[in-house]
Amino acid sequence: MIYNSMKVETFYSLKKLQEKYGIKGKPSGPFGKIIQKLLALSLFELGATNIVERSVQGADIDITLNGKKYTLEVKTTETLYITLSHENVQALLYRSYDGYQPIIAVLRLTVFTDWILALIPKDEIPTGQILIDNLNRYRMKDLEKQLSPIFDKVVIKHFKDIFKGGEQYLKEQLRQAGIAQPDS
Amino acid sequence: MILKKYYEGETMLKIKKLEVNGFRGFPQKTSIEFLNPVTILYGGNHQGKSSVLNAIEWCLYGDECIGEKSGIRERVGTGEMSWRIINDNCDTAIVKLEIEGENENFTIIRTLSNGKSKKGKTIKILLQNGTEKEGSEAEQEIKKLLRASFKDFITSVYQHQETIRDFVIQKPSEQSDAMDRLLGLSDYRNILKGINNSNISKIQKFLAEKFDRFQENLKNALKIRQGDLEEKENKAIEMGLNIDELNEDKLLELAESIINDINSFAFLIGINAKKISAPSTWENTPSFIKAVKDECERLWGESPEVKEQIEKNNKRSKAIALKSQYETQYGIYTTKKEGLQEFIQKNGNEDKIDYDINKISQQIDNIDQKIRQISPKAKLIDEGISILKSSAPSEANNCPLCGQFVSDLLDHLQKKLKEEIQTQIAQLKNEKAQLEERKKTLENLKEELNNLKEETQREKVKLDKIINQISNFLQKELTDRDDPSSILQKEIKDIDSKLQKIENAIKSKRDKINEIYKNTEKINLLYEIVQLKVKLEKINQIKKTKEYKNLEKIKDDVSKLTGFVEELVKTIKICMQKEAQTKINLATNKIDYYFRKITDNPAFQKINIRVEKGKGDINQYIFEDQDGKRPVPVLSQGDLNSLALSIFLGLAVTFSDSHHLGFIIMDDPSQSLDPEQKTRLIEVINEISEIKNIIVATYDPEFLQCLKDNISKLKSIYIFSNWLPKRGPIISKE
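As they're listed, the protein sequences go chains A and B. The numbers in the working numbering rise by one with no breaks, and the one at position 81 of the first sequence is 121. The numbers in the working numbering rise by one with no breaks, and the one at position 545 of the second sequence is 1775.
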């Protein structure tokens, strides 16, 4: 192998996707959805099952991993902060009735980008503008470590086709992987 | 029932006597006795009343009642701004408090010195059995006997002026703060304030921003390299590589292909190829490229057709050079030759010039001869005339022709003769000069002719030399009839024809070697791309450094700390709220009772207090009447004061079983009360004095009169007046 990791390549690939699909000031735009789907595919590669990816309403992703059920709110940002709306939190809490544990998944688009997967007790989920570092104490570092190289591979593998086909291409990839997309 | 029980319990401690010296407003030793159930301290502002109450507090609790931790605002501050114990005119403050208990009496003596000889604090307790304890032992004993913390003391024993004052201000946040203090929750507030001042969130944000700036710098550095990479990638795509192929795998694949191509080429030209090893990793690419180039050059150079091509090319170059040299020299020689012929045609050849020169020389000689002949003849005639003059001077002037006398005839003849001779000579000399000029011109022409001949000969030699070289080059004897230029032109044409034949023969081989070179260029570009990618990726190694990991750990630790602190804050706020609600719940009936009693306002049949989470989850106290309406915004200052007093008195009575202090201290309780309210307050005080001794300080003469008139218990009244800095107040007892 030439490289130890594909981090920088991943970063620049994502930057190119952002340039093409990102909408300034709208993190939940097409680029945000692309990142969400890339995460869903990465979790699939990681071995997660019963994956549900939602583009419109409710929690962004549901998964079962190592016998545990998680529901994820996915946030992409270039700043030090993310914004969690009341609706975001409500969606996570709603899933908790079905035994899902809430995870805030944050991808900060900068060098050394890594996913932050913060498993937060449901009564401690904050709302409003949140300093990403504040999530550090909830991070699932082992899972992040496993996810990181897989995410790199997934991004590099699909980059060219996403660049051409955008979110639609990823929807098809998710469909082929058997990932449910209720609102597609 | 409760009041009765405490009273009957006879567990209460009561103050018997206070002795102060050097404490705050008392520079001199002063004693006050508290022998009756009610003690009234009366006097104007700054007469020492509050100092008496402060002295009791300080003697019981020492440092606990000083500074921010006391929860009393006026005691916050350090240095010059501090709440000072020792009187400005003294070195030592001494407070002695005699207390009467159920089973025993005891005396507490607390001192504080800042004198030159003696500094520090002392605390001493003298028990009835004669035991004397000091320092921490004394503090322990006091706590045991009082069974009341300082917080209990200010909540339910000592009503400070400022708690009432703040409550009356009516600003909700300050009212809540005052309520917290009335309920003894200052510690919580102080901790929350301390946490807030620690700025942990700001530190976390600062760290995050610093870290972000570091990443931003890194990103900028990467951007430059990424630009180079993209430029090379585009070039590689232009060269026919696919974006997916810009990697080490493709590089190694191309290397293998190049080795195969070299071997095929060597076979084609019939030469053995040297062994070239494929690079084991992308890093060996430069040495591989060099080996490939060297081998290609060697094989190409050793190919027979290529060798012949080189030879023919060299010969062609030589022929072209000789043809050029010949044509140039031939031109020079021809020009010179034509110049010579033109000269001869114009001026004649050498013989003719020589003939003309000789002829002119002869003419010159003849002139010289004539001149020489004229001179002796003239001399002879001159001599003859001279003889005539001397031999016959008288006849000398007679004309020989006519015989007539002519004056100076001989002199005249002599002069005439001389003039004639001179004219003749001058003419001859002039003629001679012209001839000499002509002779000189001819001599110059002759010299010029000789020069032209020599130059023409020199150029002819040079031309012959070149012709000789051409003859050698062509290996053929050339005669004067041959045109070397044409012969060379024909030779060049023959070489070109042969070269074309060779070129046709090696074209396919040239294409093969060019293909190898092109692939070598691709490999080189792939090498540069991979190298750049590796450099970019190496930046990721920063993440694995100890320093980076430490930085991340610090960030994690700060995040954890922030989390703990947030939890702590949340817990403190919950405790604060619960404690407030518990206390209010327990004392609510008493508070309601005292409030309605003091205000006697028919609009209030019931006052309820609820605790809610206010801004920042800090306690917010909601006061409601029997209908759930909130009266606070419309309450008068007197009503608010009554409410504050009711809360204090309600808590004082409700929680009096939690400690042994059998007295209540009230500092200026009548502020903002109307006369009716003052009277009703006294009724309440009278009621409470059944179970507790009351110490009241007031500056209000109306309130004093009411106290005198309406307190049914025995009472002592001390009048404070004429306070002077070096003496203190004059205290008289009524």
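Glycine included, C-beta positions come from ideal geometry on N, C-alpha and C.
> Do B:Ala1496 and B:Asn1502 have their CB atoms nearer than 8 Å?
Replying inline: Closer than 8 Å, so yes.
> Would you report the Cα separation of A:Leu187 and A:Thr104, rounded to the nearest angstrom?
Replying inline: Distance between the alpha carbons of A:Leu187 and A:Thr104: 15 Å.
>> Helix, strand or coil, according to DSSP, for B:Gly1457 in the structure here?
In response: Looking at B:Gly1457 - three-state DSSP - the assignment turns out to be helix.
> Counting pairs of beta carbons, one from the stretch 119-138 of chain A and one from the stretch 1249-1263 of chain B, are three or more of them closer than 8 Å?
Replying inline: The stretch 119-138 of chain A, when compared against the stretch 1249-1263 of chain B, does not touch it at the 8 Å Cβ threshold.
>> Measuring CB atoms only, is the stretch 1241-1249 of chain B touching the stretch 1299-1306 of chain B, in the sense that at least three cross pairs come out at less than 8 Å?
In response: No contact exists between the stretch 1241-1249 of chain B and the stretch 1299-1306 of chain B.
> Exposed or buried, which one is B:His1276 when buried takes at least 16 other CB atoms within 10 Å?
Replying inline: Within a 10 Å sphere around the beta-carbon of B:His1276 sit fewer than 16 other beta-carbons, which makes this residue exposed.
>> Relative to the C-alpha of A:Lys55, which candidate in A:Lys77, A:Val151, A:Lys109, A:Glu113 has its C-alpha closest?
In response: Of the candidates A:Lys77, A:Val151, A:Lys109, A:Glu113, the one whose C-alpha sits nearest the C-alpha of A:Lys55 is A:Val151.
> Considering only C-alpha positions, which residue in the set B:Gln1705, B:Thr1750, B:Ala1451 is nearest to B:Met1469?
Replying inline: Residue B:Thr1750 is the option with its Cα nearest to B:Met1469.
>> Quick check on the DSSP output: what are the complete beta strand (DSSP E) runs of length 3 or more inside the stretch 1852-1900 of chain B, in order along the chain?
In response: If we require 3 residues or more, the beta strand (DSSP E) runs fully inside the stretch 1852-1900 of chain B come out as 1893-1897.
>> Between A:Tyr52 and chain B, is any beta-carbon pair separated by less than 8 Å?
In response: Interface residue, yes.
> chain A partners of B:Gly1457, CB-CB under 7 Å?
Replying inline: By Cβ distance, chain A contributes nothing, its closest Cβ being about 11 Å from B:Gly1457, past 7 Å.
>> Threshold first: 4 residues or longer. Then list the alpha helix (DSSP H) segments lying entirely within the stretch 1430-1494 of chain B, N to C.
In response: Scanning the stretch 1430-1494 of chain B from its first residue to its last, the whole alpha helix (DSSP H) runs of 4-plus residues come out as 1430-1468.
>> Would A:Thr117 pass as an interface residue toward chain B - the criterion being a Cβ-Cβ separation below 8 Å?
In response: Using beta-carbon distances, A:Thr117 does not count as an interface residue toward chain B, since no partner is under 8 Å.
>> Quick check on DSSP: helix, strand or coil for B:Lys1583?
In response: Strictly speaking, residue 1583 of chain B in this sequence is Ile, with Lys absent from that position. Three-state DSSP puts B:Ile1583 in a helix.
> What number of angstroms, rounded off, separates the C-alpha of B:Arg1668 from the C-alpha of B:Glu1557?
Replying inline: Pairing B:Arg1668 with B:Glu1557, the inter-Cα distance amounts to about 41 Å.
>> Is there a Cβ of chain B sitting closer than 8 Å to that of A:Thr150, yes or no?
In response: It does: the Cβ of A:Thr150 has a partner Cβ on chain B nearer than 8 Å.
> Measuring CB to CB, does B:Lys1462 end up less than 8 Å from B:Leu1755?
Replying inline: Yes; because the gap between Cβ atoms is below 8 Å, this pair is in contact.
> Between the stretch 191-202 of chain A and chain B, which residues of the former have a C-beta closer than 8 Å to a C-beta of the latter?
Replying inline: Residues of the stretch 191-202 of chain A with a C-beta less than 8 Å from any C-beta of chain B: Lys200, listed in chain order.
> Using the C-alpha atoms, what's the distance from B:Ile1732 back to B:Pro1534?
Replying inline: Straight-line Cα distance between these residues: approximately 10 Å.
> With respect to the alpha helix (DSSP H) encompassing B:Ala1833, which residues constitute its N-terminal and C-terminal limits?
Replying inline: Counting along the chain, B:Ala1833 sits inside no alpha helix (DSSP H), nor does DSSP assign it H or E at all.
> Taking 8 Å as the CB-CB limit, is B:Asp1847 close to chain A?
Replying inline: Output row for B:Asp1847: interface = no.
> Expressed to the nearest angstrom, what Euclidean distance is found between the alpha-carbon atoms of B:Gly1868 and B:Leu1911?
Replying inline: C-alpha separation (whole angstroms): 11 Å.
>> Buried or exposed, going by whether 16 or more other CB atoms sit within 10 Å of the CB of B:Phe1794?
In response: The residue in question, B:Phe1794, is exposed, as its Cβ has fewer than 16 Cβ neighbours within 10 Å.
> Between B:Lys1752, B:Ile1430, B:Asn1333, B:Glu1796, which lies nearest to B:Pro1516 when the distance is taken from Cα to Cα?
Replying inline: For the residues B:Lys1752, B:Ile1430, B:Asn1333, B:Glu1796, the minimum Cα distance to B:Pro1516 belongs to B:Lys1752.
> Is it buried or exposed for A:Trp155, if we count other Cβ within 10 angstroms and need 16 for buried?
Replying inline: By the 16-neighbour rule on beta-carbons within 10 angstroms, A:Trp155 is buried.
> Skipping 5 residues on each side, what residues in its chain have a beta carbon closer than 6 Å to that of A:Thr116?
Replying inline: Hits under 6 Å: Pro67, Gly72, Ile75, Leu147.
> Along the chain, where does the beta strand (DSSP E) that runs through A:Gln221 open and close?
Replying inline: Run containing A:Gln221: none; DSSP gives neither H nor E here.
> Can you tell which of B:Asp1726, B:Asn1734, B:Leu1693 has its C-alpha closest to the C-alpha of B:Pro1714?
Replying inline: For B:Pro1714, the nearest C-alpha among the options comes from B:Leu1693.
>> Based on DSSP bridge pairs, tell me the residues matched to B:Thr1341.
In response: Residue pairing for B:Thr1341: DSSP places it in a beta bridge opposite B:Ile1324, B:Thr1352.
>> So, under 8 Å CB-CB, B:Leu1704 and B:Asn1543 are touching, yes? Tell me the CB distance rounded to an integer number of Å.
In response: About 18 Å; that fails the 8 Å criterion.
> To the nearest whole angstrom, what separates the beta carbons of B:Pro1899 and B:Gln1405, a pair I think is in contact under 8 Å?
Replying inline: That belief does not hold up - the Cβ atoms of B:Pro1899 and B:Gln1405 are roughly 18 Å apart, past 8 Å.
> In chain order, what residues of the same chain have a beta carbon less than 6 Å from the beta carbon of B:Pro1959, not counting five sequence neighbours either side?
Replying inline: Within the same chain, B:Pro1959 has close Cβ partners Gln1277, Gly1278, Phe1950, Trp1953.
> Does B:Gln1761 get closer than 8 Å to chain A when you measure Cβ to Cβ?
Replying inline: With 8 Å as the cut-off, B:Gln1761 does not count as an interface residue toward chain A.
> Of the residues B:Pro1509, B:Phe1444, B:Leu1879, B:Thr1792, which one's Cα is nearest the Cα of B:Ile1425?
Replying inline: Each of B:Pro1509, B:Phe1444, B:Leu1879, B:Thr1792 was checked against the Cα of B:Ile1425, and the nearest Cα belongs to B:Thr1792.
> Where does A:Pro225 sit, in a helix, a strand or coil, going by DSSP?
Replying inline: Residue numbering for chain A in the displayed model covers 41 to 224; residue 225 of chain A lies beyond these limits and cannot be assessed.
> Taking Cβ positions, are B:Leu1881 and B:Thr1385 nearer each other than 8 Å?
Replying inline: Result yes, Cβ atoms of B:Leu1881 and B:Thr1385 sit closer than 8 Å.
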